[in-house]
Every structure is written in C-alpha cells, then in structure tokens.
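Quick notes on the structure that follows.
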C-alpha cells in the first residue's frame with residue numbers, strides 16, 4: 079500500500095490583540111490541531127510586532143510537526159480599521175498603529191499568502207461558521223477585550239461597507255461627554271466597558287479610598303490585573319468590583335439595544351476576554367438591559383448569547399478567512 | 079386621430095407624520111402631479127387617523143382631476159416600527175400606536191392595494207431613487223422631525239433586517255442617562271434633537287429666565303412654535319436658540335459618526351423638517367462633528383449632505399414603494 083502523501087491542506091489563523099498574539103493551525107474542516115501564544119509588545123513598534131507574529135506562526139506550525147510548506151495561507155485579524163483589500167491596518171489605537179502594511183510585511187517574512195481583516199469581524203465569522211448550526215441571515219458579534227469591536231454578517235456574508243471598515247461598534251458614542259477613549263473621543267462604548275477602562279475605574283476608586291479584595295490579591299498598586307481577577311473578587315463578595323462590572327454590563331446592554339434598533343439582527347453573539355471571564359456575572363444584565371432598551375418589536379425572537387469559542391473565536395474566524403481565500 | 083385612453087398608471091405616496099399627513103399623486107416616472115395635506119390629530123385615536131389618511135388620499139386624487147380607479151396602489155410610511163409584510167404598525171410612540179393594522183384598514187377604506195413601510199426608510203428610498211444620479215451600494219438616510227429616524231440601503235436595496243425593523247436610528251442611545259425620550263428610554267438621539275426636545279429645551283430656558291426673541295415673535299407661552307421660527311430667531315441674532323440648535327447639530331454629528339463607524343456607508347443624506355428649516359445653521363456643524371468622531375479611514379470620500387427633496391422625501395419614497403410593488 080502506498081504511503082499517504084503529506085497533506086498541505088492546513089491554514090493558520092492569527093488573532094493579533096493589544097496584549098497577545100494567538101496563532102492556531104487548522105485543517106480545512108476547521109479543526110484546530112495546535113496553538114501558540116506570544117505577547118504583542120506594541121511599545122516596540124510595528125516592525126517588531128510583525129516579526130513576533132511571524133515567529134508565533136512559525137512556532138505554532140512547528141509545534142504541530144508541520145512545515146510552512148504544508149500551510150496554504152494565513153488569516154489574521156487586527157484590532158482596528160483594516161483595509162482588507164490592500165491588507166493595510168489603517169488605524170489601530172490599542173497598538174498605536176496608523177497605516178501599517180501588515181499583509182505585505184508578513185507575507186515577506188513567512189513566504190505565504192496572508193489575508194487580513196478586522197479582528198472582531200473575524201470573531202463574528204468564526205462564531206457564525208462553527209458555532210451556529212442553522213445559519214442566520216443577519217448576525218452581529220460584539221467582543222469585549224482590551225478593545226471593543228464588532229462584526230456584522232448580512233445575508234450570510236461579512237459586511238464591510240464602502241470603506242471596508244464597518245463594524246467599529248466599540249467607537250459608537252453611547253455616553254456623549256463621558257470618559258475619554260483610546261481613539262480620542264469621549265463616551266465611546268469601548269471607553270465604558272473595555273478592559274483598560276474597567277481597570278482604570280477600579281484603580282481610581284481605590285485611590286479615592288474605596289476598599290476591594292483586589293488589593294489583597296494583587297498588591298496595593300493593582301499591577302497585572304486580569305479580567306479573571308474581577309470574577310474572583312466578585313465571587314469573594316467584593317462590592318466595588320461588582321458595581322464596576324454591573325455598570326459595564328448595563329452599558330453593553332444599551333450598546334446592543336442600539337445595534338438591534340439599527341440592524342435588526344437575528345443573532346447577537348458576545349465574546350472577548352471580558353465576556354469569557356465574566357459571562358455569568360454580566361450576561362443576565364446585558365440581556366435584560368438590551369431587551370429593555372430595544373424598541374418594541376425589534377428584539378422579537380432575537381437570540382443574545384455568549385459565544386463558547388472563547389479566546390479561539392478570533393483564530394477560528396481567521397482560519398475561515400484563510401480557507402475561503404485559498405480555495 | 080384616436081383619443082388618448084385615460085391612463086391608470088398613477089400611484090399615491092403618503093407620509094404619515096406625528097403632526098401632518100402628506101399625500102402626493104405620482105406618475106410611474108415619479109413625477110409628482112399633485113399633493114394634499116391634512117393634520118394628523120393622533121389624539122383622536124388610530125381609527126380616526128386612518129380615516130383622515132383615506133380622506134387626504136381621496137382629496138389629493140380629486141385635486142388632480144383623477145379618480146381612484148386610475149390609481150394602481152398607495153405606498154405609506156408610518157413613523158415607527160412597521161412590519162412591512164403584514165402591514166401592521168408595531169410601535170409608533172409619536173402617534174401613541176401599538177400594533178395597528180394600517181394596511182388592511184386603509185385598503186378597506188380606499189379599495190386599493192396599500193403598501194406600508196417605516197417612514198424614514200421611505201425617505202431614504204426616495205432620496206436614493208430620485209436625488210442620486212450614480213447609485214451608491216450603501217447609503218444611509220437620517221431624518222430629523224417630530225421623530226428622528228433613518229433608512230439603510232445596502233447593495234442598492236432597503237435593508238430591513240430579521241424583524242423588518244432596521245433603521246431605528248432615532249432610538250440609538252448617545253447620551254446614556256440623558257433626557258427622556260418618547261420611547262421611554264433616556265438619552266436617545268431623538269430625545270436630544272427631535273423637534274419636541276428642541277422646543278422643550280427652549281421653553282425650559284425661558285422659564286429659567288433666559289431671554290429669546292421667540293417670546294416677542296410667538297408670545298410668552300411659545301405656543302405654536304415651528305422649526306422655521308428657530309431659523310428666524312437665529313437670523314435675528316438670538317443666542318439662546320443658536321445654542322440649542324448648535325447643540326442639536328453636534329449630537330447629530332456624533333450620531334452620524336456612530337453610524338459611519340458601524341456601517342461604512344458611501345452616502346449619508348439628511349432630511350426632515352428640522353434639516354429643511356435649519357440646514358444652513360446645522361449642516362456645517364453636523365459634517366464637522368461627524369468627521370471628527372468617525373474613526374480614521376471610515377469617512378474617506380463619504381458624502382454627507384442635506385437632501386433637497388425636503389418635505390417631499392417621504393411621499394416620493396412611498397411612491398417608489400407603490401410603483402415597485404405594483405409592477
């Protein structure tokens with residue numbers, strides 16, 4: 079019997095975040111066969127970050143006992159405004175990037191075709207493709223992490239709009255004149271519920287003399303706080319953290335009601351690091367507030383749920399993109 | 079030479095507003111051959127309003143020396159959540175309507191096919207069809223009047239979403255915890271820039287002792303104030319009215335930036351009674367604020383302008399609907 083020829087039918091999906099780079103190796107059937115993680119280090123500048131992405135991809139492939147020759151393509155989601163056609167990252171406030179040629183630089187380093195998209199567009203695509211059995215026509219994904227972003231699926235396809243920038247829901251102003259956002263505006267959804275804004279609010283309250291178990295857990299300067307620490311604090315009965323998280327959940331519910339009023343999606347999927355860590359605490363408030371603020375008739379039979387893909391939504395969607403583009 | 083046979087190729091477009099009913103008789107080429115106007119009187123209840131719509135249509139047709147037999151169909155836009163398939167008005171806060179069977183009741187009174195839609199969806203469709211020479215793929219219409227609403231055109235078609243309710247941009251919360259809206263929520267776009275909210279803010283300032291020429295123009299109780307009065311007051315150098323209108327323009331700019339960030343349309347058309355009356359005062363602020371708040375890259379080459387259809391956008395779009403549905 080002839081030996082089975084080595085398949086080169088793999089793709090790599092990359093999720094480029096403000097904090098970490100995650101790369102996953104996938105089969106064409108979207109089965110993940112291996113993952114790798116590396117810190118982003120955006121403070122070292124775009125070139126270094128792109129080299130780190132390349133390293134993260136190469137190590138992921140090697141870890142799976144594969145070679146780059148067996149990879150058909152790489153999909154990558156970046157946190158900001160991405161021109162998917164040219165492969166440029168137009169604006170990514172959490173990386174400090176403006177007009178960075180991600181696709182071409184990464185293609186040179188890997189010698190593989192690279193396909194770029196906004197990170198949360200890909201998260202939405204990942205949820206749509208692997209998590210939903212009956213495919214809705216119109217779906218919305220909302221992802222809360224270091225940044226806050228969304229992905230819009232209309233008629234079963236990722237909707238990108240005229241400038242290919244649609245889905246920037248994190249910079250929807252919902253509290254005009256409110257806290258300053260990384261984008262420079264005031265009162266954006268992201269400035270109210272993004273990870274940094276939650277941490278900042280907790281730190282400010284602590285400076286103002288309020289008490290929290292987080293200082294016992296992490297030290298008085300609250301360095302290296304993570305979303306999971308907030309969950310642990312709430313489980314220990316911490317009222318300060320509970321209030322901050324509940325406020326964030328309420329703002330998220332208002333933002334989702336806005337999007338339901340505007341879009342009328344059938345499905346609203348939530349995800350991202352904050353939801354992964356705090357779904358139990360946040361989801362009931364998010365859903366109740368969203369239904370409360372949605373106009374009568376607009377949220378009928380609309381399903382609002384937390385994705386179970388967790389941290390893998392981004393790499394899964396990036397793999398879907400790479401599969402579709404290399405077929 | 080044989081006499082030209084009487085054509086029955088007309089349609090009627092109706093714009094049902096919180097204050098007035100406007101009906102226009104149109105040819106299939108969307109030329110308006112006559113119009114009629116009647117006050118809505120929503121306080122008398124839905125049945126009376128629907129009878130008034132019927133009367134307004136009949137008088138418009140008669141005024142054009144036509145008969146109802148020459149009308150192929152009637153399109154009507156209602157201010158709220160409309161289920162275009164069943165023809166029911168699900169929720170229209172400015173009329174006080176919930177779940178009213180507009181289509182069937184009006185069809186009985188007129189003995190003509192009636193097609194319903196959300197009013198501002200039809201305004202957007204009207205602008206798209208008759209005002210734009212090169213048709214954009216993705217367009218957004220935002221209309222400020224008694225209520226505030228929008229219409230979304232994606233891939234050249236009116237986008238209505240899963241519950242057929244898309245485009246309710248007036249109830250996008252942009253100032254959480256802000257002024258109360260007719261829908262019951264706080265801080266909606268409509269609660270900040272709708273006609274009633276502008277009038278209310280002016281009246282409150284006057285009660286607080288601030289001065290305005292409006293009291294000289296309209297009497298101290300400011301009864302029967304109209305959008306045009308605000309323009310006249312600003313032209314007379316009235317600082318109070320100018321501030322209220324400028325604030326409204328800024329909120330409108332923020333709302334439009336939100337929609338550009340979310341949707342990435344190619345065209346944003348503004349209209350409605352407030353824009354018709356105050357375009358010169360508001361549009362520069364709206365455009366500047368929208369471009370300021372839109373994420374870099376999202377508003378590139380996006381055209382933001384005030385529709386010149388004015389009050390006729392609604393009846394024109396309703397006529398487009400009737401033409402399309404009866405072809």
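Residue numbers (our numbering), protein chains in the order written: chain B, 79 to 405; chain P, 79 to 405.
Glycine is no exception: its CB is placed at the ideal position from the N, C-alpha and C atoms.
Inter-residue Cα distance where the pair is residue i and residue j
i, j, result
"residue 132 of chain P", "residue 199 of chain B", "47 Å"
"residue 141 of chain B", "residue 104 of chain B", "13 Å"
"residue 113 of chain P", "residue 382 of chain P", "29 Å"
"residue 263 of chain P", "residue 110 of chain B", "44 Å"
"residue 406 of chain B", "residue 152 of chain B", "This structure does not reach residue 406 of chain B, given that chain B is present from 79 up to 405, and the question cannot be answered."
"residue 403 of chain P", "residue 90 of chain P", "12 Å"
"residue 139 of chain P", "residue 396 of chain P", "15 Å"
"residue 280 of chain B", "residue 308 of chain B", "10 Å"
"residue 352 of chain B", "residue 260 of chain B", "17 Å"
"residue 154 of chain P", "residue 134 of chain P", "12 Å"
"residue 321 of chain P", "residue 197 of chain P", "29 Å"
"residue 364 of chain B", "residue 325 of chain B", "10 Å"
"residue 148 of chain B", "residue 209 of chain B", "26 Å"
"residue 347 of chain P", "residue 384 of chain B", "36 Å"
"residue 79 of chain B", "residue 146 of chain B", "Confidence at residue 79 of chain B is low in this model, with a pLDDT of 48, below 50, so its placement is unreliable and no value can be given for it."
"residue 202 of chain P", "residue 391 of chain P", "8 Å"
"residue 323 of chain P", "residue 171 of chain B", "33 Å"
"residue 88 of chain B", "residue 368 of chain P", "43 Å"
"residue 371 of chain B", "residue 336 of chain B", "8 Å"
"residue 354 of chain B", "residue 388 of chain B", "6 Å"
"residue 345 of chain B", "residue 331 of chain B", "14 Å"
"residue 373 of chain B", "residue 314 of chain P", "40 Å"
CB contact check: residue i to chain P, cutoff 7 Å
i, result
"residue 344 of chain B", "yes"
"residue 195 of chain B", "no"
"residue 327 of chain B", "no"
"residue 198 of chain B", "no"
"residue 169 of chain B", "yes"
"residue 152 of chain B", "no"
"residue 159 of chain B", "yes"
"residue 178 of chain B", "no"
"residue 336 of chain B", "yes"
"residue 332 of chain B", "yes"
"residue 83 of chain B", "Only weak support exists for where residue 83 of chain B lies, its pLDDT of 49 falling under 50; the value from the coordinates is given anyway. With 7 Å as the cut-off, residue 83 of chain B does not count as an interface residue toward chain P."
Residue environment, residue i, which counts as buried when at least 16 other CB atoms sit within 10 Å
i, result
"residue 183 of chain B", "buried"
"residue 124 of chain P", "buried"
"residue 122 of chain P", "exposed"
"residue 212 of chain B", "exposed"
"residue 386 of chain B", "exposed"
"residue 70 of chain P", "No answer is possible for residue 70 of chain P: it lies beyond the span of chain P, which begins at 79 and ends at 405."
"residue 219 of chain B", "buried"
"residue 362 of chain B", "exposed"
"residue 234 of chain B", "exposed"
First through last residue of the alpha helix (DSSP H) which encompasses residue i
i, result
"residue 110 of chain B", "Here residue 110 of chain B belongs to no alpha helix (DSSP H); instead the beta strand (DSSP E) covers 110–117."
"residue 398 of chain P", "391–404"
"residue 412 of chain P", "Only positions 79 to 405 of chain P appear in the structure, and residue 412 of chain P is not among them; the question remains open."
"residue 138 of chain P", "124–141"
"residue 72 of chain P", "Outside the modelled stretch of chain P, which goes from 79 to 405, sits residue 72 of chain P, for which no answer is possible."
"residue 103 of chain B", "Residue 103 of chain B -> not in any alpha helix (DSSP H); beta strand (DSSP E) instead, spanning 98–104."
"residue 271 of chain B", "267–271"
"residue 358 of chain P", "351–371"
"residue 254 of chain B", "Where residue 254 of chain B is concerned, there is no enclosing alpha helix (DSSP H), given that its DSSP letter is neither H nor E."
Extent of the continuous beta strand (DSSP E) to which residue i belongs
i, result
"residue 166 of chain P", "166–170"
"residue 221 of chain B", "217–222"
"residue 302 of chain B", "Segment: none, residue 302 of chain B is in no beta strand (DSSP E) and carries neither H nor E."
"residue 227 of chain P", "226–232"
Residue i at chain B interface by Cβ criterion, 7 Å
i, result
"residue 247 of chain P", "yes"
"residue 339 of chain P", "yes"
"residue 267 of chain P", "no"
"residue 357 of chain P", "no"
"residue 99 of chain P", "no"
"residue 312 of chain P", "no"
"residue 172 of chain P", "no"
Distance cut-off 6 Å: residue i Cβ against heavy atoms of the ligand SAH
i, result
"residue 174 of chain P", "With respect to the ligand SAH, the structure shown offers nothing to examine, as it has no ligands at all."
CB contact check: residue i to chain A, cutoff 7 Å
i, result
"residue 88 of chain B", "The structure shown contains no chain A; the protein chains it does contain are B and P."
Counting only Cβ-Cβ distances shorter than 9 Å, please list the residues of the region 230–243 of chain B near chain P, keeping chain order. 230, 232, 233, 237, 238, 239, 240, 241, 242 and 243
Give, in chain order, every residue of the region 203–230 of chain B whose Cβ lies closer than 8 Å to some Cβ of chain P. 214, 215, 216, 228 and 230
Short of 9 Å Cβ to Cβ, which residues in the region 365–388 of chain P face chain B? 370, 371, 372, 373, 374, 375, 376, 377, 378, 379 and 380
Between the region 249–262 of chain P and chain B, which residues of the former have a C-beta closer than 7 Å to a C-beta of the latter? 249, 250, 251, 252, 253, 254 and 261
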